[in-house]
Structure formats: C-alpha cells, structure tokens
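Start counting the sequence shown at 2; every next residue gets the next number (the working numbering). Have a look at the structure below before the remarks.
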Amino acid sequence: MASDRQESALSEVIGFILILGVIALLLSLYIVYVVPAEGRQNEILHMNDVGSEFNGYKMMVDSLILNDQVGSTIYNTFTLSTQGITSSTGGFITFPLFQPAGSTGAILINQRVDNLEITALTLDQAHGPGNQAPNLSVITDEPLHIYTNFTMLSSYPVSGSNVSFIPQNAGILVVPLTNPYWKLWVNHTPRVDHVSPGLWNYNTDLTISVEKNGLPTIQELTIIKNIKNNTRYFVDIIDEAYGINTDLQYPLYLQRIQTSAYIANDSLATSYGTSSGMYHDSSTLGSLEYRSGNNYFIQQNYYYQMGGIFLEQQDGMVNKIPPSIAVSKSVNNITLVKVDEVIIVGGGIIGGTTPVQVQTQLSGINISKMSYGIPNAKWVAITIHTDPKAAPMWNSTFTRILTSSNAKGKVQSTPTSSTLIIDGSDSTNSTYDIELDVLKPILNDKVERIGIILE
Numbered sequence: 002m003a004s005d006r007q008e009s010a011l012s013e014v015i016g017f018i019l020i021l022g023v024i025a026l027l028l029s030l031y032i033v034y035v036v037p038a039e040g041r042q043n044e045i046l047h048m049n050d051v052g053s054e055f056n057g058y059k060m061m062v063d064s065l066i067l068n069d070q071v072g073s074t075i076y077n078t079f080t081l082s083t084q085g086i087t088s089s090t091g092g093f094i095t096f097p098l099f100q101p102a103g104s105t106g107a108i109l110i111n112q113r114v115d116n117l118e119i120t121a122l123t124l125d126q127a128h129g130p131g132n133q134a135p136n137l138s139v140i141t142d143e144p145l146h147i148y149t150n151f152t153m154l155s156s157y158p159v160s161g162s163n164v165s166f167i168p169q170n171a172g173i174l175v176v177p178l179t180n181p182y183w184k185l186w187v188n189h190t191p192r193v194d195h196v197s198p199g200l201w202n203y204n205t206d207l208t209i210s211v212e213k214n215g216l217p218t219i220q221e222l223t224i225i226k227n228i229k230n231n232t233r234y235f236v237d238i239i240d241e242a243y244g245i246n247t248d249l250q251y252p253l254y255l256q257r258i259q260t261s262a263y264i265a266n267d268s269l270a271t272s273y274g275t276s277s278g279m280y281h282d283s284s285t286l287g288s289l290e291y292r293s294g295n296n297y298f299i300q301q302n303y304y305y306q307m308g309g310i311f312l313e314q315q316d317g318m319v320n321k322i323p324p325s326i327a328v329s330k331s332v333n334n335i336t337l338v339k340v341d342e343v344i345i346v347g348g349g350i351i352g353g354t355t356p357v358q359v360q361t362q363l364s365g366i367n368i369s370k371m372s373y374g375i376p377n378a379k380w381v382a383i384t385i386h387t388d389p390k391a392a393p394m395w396n397s398t399f400t401r402i403l404t405s406s407n408a409k410g411k412v413q414s415t416p417t418s419s420t421l422i423i424d425g426s427d428s429t430n431s432t433y434d435i436e437l438d439v440l441k442p443i444l445n446d447k448v449e450r451i452g453i454i455l456e
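Spelled out as structure tokens, the structure:
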C-alpha cells in the first residue's frame with residue numbers, strides 16, 4: 002500500500018498533466034479558430050487595400066488623359082500580400098506557429114484577351130463639303146475643322162507678264178454672326194515678282210488676314226501660291242496657325258460675306274467637310290490585373306480595363322467603377338455618346354509577397370476621323386467580346402448605362418459577348434441624331450518589383 006507522501010506526489014503530477022492538457026487544448030483552439038479568423042481579417046483588409054490601389058491607379062490615368070499629358074509617366078505601388086497588415090483583433094502570441102500564414106498575389110499586364118468593337122453609321126470628316134450637308138446653322142461644340150471654300154471665276158486674271166495694271170486684292174470675309182469680335186479674310190492677292198518702269202509681272206496667291214477686337218493680328222499670310230481659275234480650294238478657318246480656334250464661343254453662328262465679284266457664290270461656302278460611311282474599329286483592350294493567393298478568405302481578382310475597375314470572384318463578377326462609356330441626352334434632344342477606348346500595351350507578370358511598382362506612360366491619344374461638334378451618327382453599336390464569366394457582367398453594365406441615359410436602344414448578348422446598341426432619339430435610324438466622340442488613349446505599362454520586404 003502506497004504511503005500518503007507517494008499519493009500526494011502523484012496527484013501533483015496528474016494535476017500538472019491536466020494543466021498542460023488544458024493549455025494544449027486552448028492553444029489548439031487558438032490555432033483552429035483564432036488564427037484563421039485573424040488571417041481572414043488580414044486578407045479582407047488587404048483586398049480592400051488592393052481595391053483602393055486600383056482606384057488610385059484609375060484616377061491618375063484619368064488625369065493623364067483629361068489633361069492630354071502625352072509622354073508623361075505615372076508610378077503606382079501595389080501590395081501583393083498581407084505581410085505588414087494586422088487586423089484590429091491582433092494576436093497576443095508572437096510565435097510563427099500562432100500567426101496566420103501570409104497570403105501571396107500577382108500583378109499581370111495584358112493576360113486578358115477581351116476585345117472591343119465599335120460600329121456606327123457616321124459622318125466622316127472630308128476635305129471639303131463631302132457628300133453630306135448637315136444643318137450647320139449653329140455649331141454647338143468645337144469641331145476639328147471648319148472649312149470655307151474658295152473658287153476663282155474665269156474672269157479674274159490670275160497672272161500677268163509685263164502688264165501695266167494689277168488686279169484688286171479681295172475675296173471672302175468670315176465673321177461670327179452674333180458677336181463679331183474677330184474677322185477673317187480669305188483673299189486673292191496678287192504677288193508682284195518683278196517691277197520695271199510702268200510694267201509688272203505677277204501671280205495670284207491665296208492669303209489670310211485676321212483681325213481681333215479691331216486690331217490686325219495677321220496680314221496677307223500666304224497659304225497657297227499661284228492659285229488657278231475654276232479650282233475649288235478649301236481653307237480651314239480654325240487652323241491653329243490663324244489663332245481663332247482659342248477665341249471661339251459656342252454656340253457659334255457664322256456668316257460669309259463676299260468681298261470680291263470674282264469669287265464663285267457657293268451654298269456650301271462655310272461648312273464641315275463630311276462624307277457618310279460605316280465606322281468600324283476593333284481593338285484588344287489589354288488590362289492591368291491583380292490575382293490573389295489568399296489562404297483564409299475567398300479569392301478576389303481585381304483588374305483595370307477601359308477606364309473601369311472590375312472584381313472577379315468564384316461566384317461571378319461585378320463592375321466596381323463603370324468603364325469609360327458615357328451616354329446622355331442634350332437639351333436639343335441629341336444623344337451624346339463618348340467612348341474612351343483605353344488601350345494598354347506592354348506585358349509582364351510578377352508574383353510573390355513583396356510590393357511591386359507599375360509604370361504607366363500615356364504614349365498617345367488617337368482621334369477618329371469622324372466629324373465633331375455636330376450630330377454625326379445615326380446609330381452606334383459597342384460590343385465587348387470576352388469570356389463566359391465576364392459577359393453577363395458586361396450585359397448588366399451596358400443595361401445600366403442605357404437605362405440611366407433615357408436614350409433609345411437595346412442590349413444584346415451571347416455567351417461570350419455583350420452589345421450596347423444606341424439608336425438616339427430616332428429609333429428608325431433615318432437621321433443623324435447622335436453625337437459620337439471616340440478617343441483611343443494608348444497606355445504603355447511595365448511592372449517591376451520594388452524589393453522591400455515588409456515585416
């Protein structure tokens with residue numbers, strides 16, 4: 002039979018073992034429940050940070066495009082993992098065993114193959130009047146060009162040798178109708194090449210003279226030498242060289258006054274040059290994408306494409322910030338459609354846990370040949386060709402854009418595409434009642450590892 006002292010010692014050993022068991026149980030519960038919860042919270046915070054970083058990237062890119070900063074470069078840092086991120090609960094045990102495993106991530110450039118296609122029946126800019134003459138009684142927005150044509154009649158002697166008489170200098174006056182704060186003359190101006198007593202040699206040039214607020218700024222600037230009779234010349238009155246384009250006020254009403262009897266009177270004297278035609282453009286958009294490697298939270302992939310921010314999860318996709326497609330109605334019932342077809346060129350993939358830096362340069366902004374400043378389209382179709390997971394998301398995005406605009410149109414979809422069709426105010430598509438504005442900014446993206454390990 003054991004002594005009382007032996008039984009007392011045994012009870013202490015059993016008690017110590019029980020205490021160890023309780024501690025082991027508590028630590029096991031901590032590892033099983035607290036560590037995953039803390040890891041999940043850390044990864045939620047990290048994904049929120051990634052979303053904010055994409056929002057910042059979009060804002061900086063938008064600033065480059067809006068301010069036409071071609072050649073400028075921006076730099077954005079993206080965090081790939083949860084290293085350095087601590088949840089609000091925190092952990093009181095600092096051993097690695099009791100800390101959540103850090104997540105990983107990757108930044109990818111142009112690993113998506115989504116394609117944008119724009120088709121429209123439009124008025125295209127032409128050198129001269131073209132084959133269409135839209136209503137130009139008022140110009141609501143600044144176009145790329147405003148042409149006035151100029152034709153010398155046969156009765157004007159455009160050149161002469163050893164003559165004793167030089168013909169007059171005159172032509173066309175173009176002036177705003179409501180507020181004539183500037184005037185522009187397009188004149189036939191004899192250029193004297195040789196002078197002898199009583200005899201002259203000359204040829205006739207087409208010249209520009211400009212007056213602002215009663216003061217001359219350009220006098221007889223030669224733009225075409227040795228003009229000929231019965232030949233139509235077209236002069237862009239808002240060419241930057243003449244200095245009027247910065248002084249235009251809209252709505253703009255123009256009038257043309259003949260100051261020479263030798264100029265042909267033309268009903269298309271002051272107009273946009275337009276020709277009807279089918280506009281079609283197809284481009285691979287490119288993308289900047291983050292793919293998560295979460296251990297405790299659902300996988301979330303963010304990507305920037307065409308000015309929008311998109312979030313992809315296992316159960317579907319959502320558009321966080323709309324793409325650069327704007328549809329609205331003007332006060333005169335014209336449907337305004339603006340598309341910034343942002344193209345990303347370049348490539349690269351970097352994954353891991355260290356932060357990376359994305360370098361983005363606005364390498365150019367391409368402008369389509371459509372006429373601007375007037376209704377220039379009868380209908381517009383914008384199609385995104387994408388994967389089956391993204392197609393329903395684009396379908397809902399296009400539906401929201403169309404519904405909020407109150408414009409006539411519809412949205413069509415296939416398993417791998419979605420199309421926004423805009424009919425403007427006239428659903429029969431018989432009139433030009435859409436003002437379509439398409440820009441194609443080109444972004445050159447590169448990604449580099451920063452190399453700083455956060456602890």
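Using N, Cα and C, we set each Cβ at its ideal position, and we do this for glycine too. Please read all numbers here as calculations on a predicted model, not as lab measurements.
The alpha-carbon of Ile375 is positioned some 9 Å away from that of Asp434.
Per DSSP, Ala25 has no beta bridge partner at all. Annotation for Val439: the continuous beta strand (DSSP E) segment containing it runs 435 to 450. Distance from the CA of His281 to the CA of Val51, rounded to the nearest whole angstrom, comes to 36 Å. For Ile66, no beta strand (DSSP E) encloses it; the enclosing alpha helix (DSSP H) starts and ends at 36 to 67. With respect to the 7 Å criterion, Ser293 and Gln301 are classified as neighbours on the basis of their beta carbons. Asn407 and Phe399 have their C-alpha atoms spaced approximately 13 Å apart. By the criterion of at least three beta-carbon pairs nearer than 8 Å, the region 402 to 418 is not in contact with the region 145 to 158. In this structure, the alpha-carbon of Ile345 lies about 10 Å from that of Tyr305.
The three-state secondary structure of Met394, taken from DSSP, is helix. In the structure shown, Gly365 falls within a strand segment according to DSSP collapsed to helix, strand and coil.
Distance check between Val448 and each of Thr361, Ser160, Val332 places Thr361 closest, using alpha-carbon atoms only.
Counting along the chain, Glu290 sits inside the beta strand (DSSP E) bounded by residues 289 to 294. In this structure, Met371 sits away from Asp69, with a CB-CB distance that is not shorter than 7 Å. The three-state reading of DSSP puts Val164 in strand, counting E and B together.
In the three-state scheme derived from DSSP, where H, G and I count as helix and E and B as strand, Asn377 is classed as coil. For Arg113, the secondary structure class from DSSP, reduced to helix, strand or coil, is coil. Around the Cβ of Tyr254, a 10 Å sphere holds fewer than 16 other Cβ atoms; the residue is exposed. In this chain, the beta strand (DSSP E) harbouring Gly410 covers 409 to 415. Relative to the Cα of Val187, the nearest Cα in the group Asp446, Gly308, Arg257, Ser364 belongs to Arg257. Sequence-distant Cβ neighbours of Ile423 in its own chain, meaning closer than 7 Å and more than five residues away, are Val328, Thr336, Val338, Trp380, Val381, Ala408, Gly410, Ile435.
For Gln360, DSSP records a beta bridge to Tyr76, Lys447. Between the region 236 to 245 and the region 172 to 186 there are three or more inter-stretch CB-CB distances shorter than 8 Å, so the stretches are counted as touching.
In the three-state reduction of the DSSP assignment, Gly353 falls in the strand class, which pools E and B.
Residue pairing by DSSP places Thr420 opposite Thr384, Gln413 in a beta bridge. Under DSSP, Val338 forms a beta bridge with Val328, Leu437. The beta-bridge partner set that DSSP reports for Met318 consists of Glu313. With a contact defined as Cβ atoms closer than 8 Å, Val71 and Ile366 qualify at about 6 Å.
Inclusion of Asp115 and Leu286 in the CB contact set at 7 Å is warranted, their separation being smaller than that value. Going by beta carbons, Gln358 and Ile451 fall inside the 7 Å limit.
Between the alpha carbons of Gly103 and Ser73 lies a distance of about 36 Å. Of the residues Lys59, Thr260, Gly244, Trp183, the one whose Cα lies closest to the Cα of Glu212 is Trp183. Taking a contact as a CB-CB distance under 8 Å, the pair Thr384 and Thr417 does not count as one, their CB atoms being some 11 Å apart. No Cβ-Cβ contact shorter than 7 Å links Ile228 with Trp201. When C-alpha distances from Pro191 are compared across Pro181, Tyr157, Ile219, Thr218, the shortest belongs to Tyr157.
Apart from the 5 residues on each side of it in sequence, Ser426 sits with its Cβ closer than 7 Å to the Cβ of Asn334, Thr336, Lys409, Asp434 in its chain, given in chain order.
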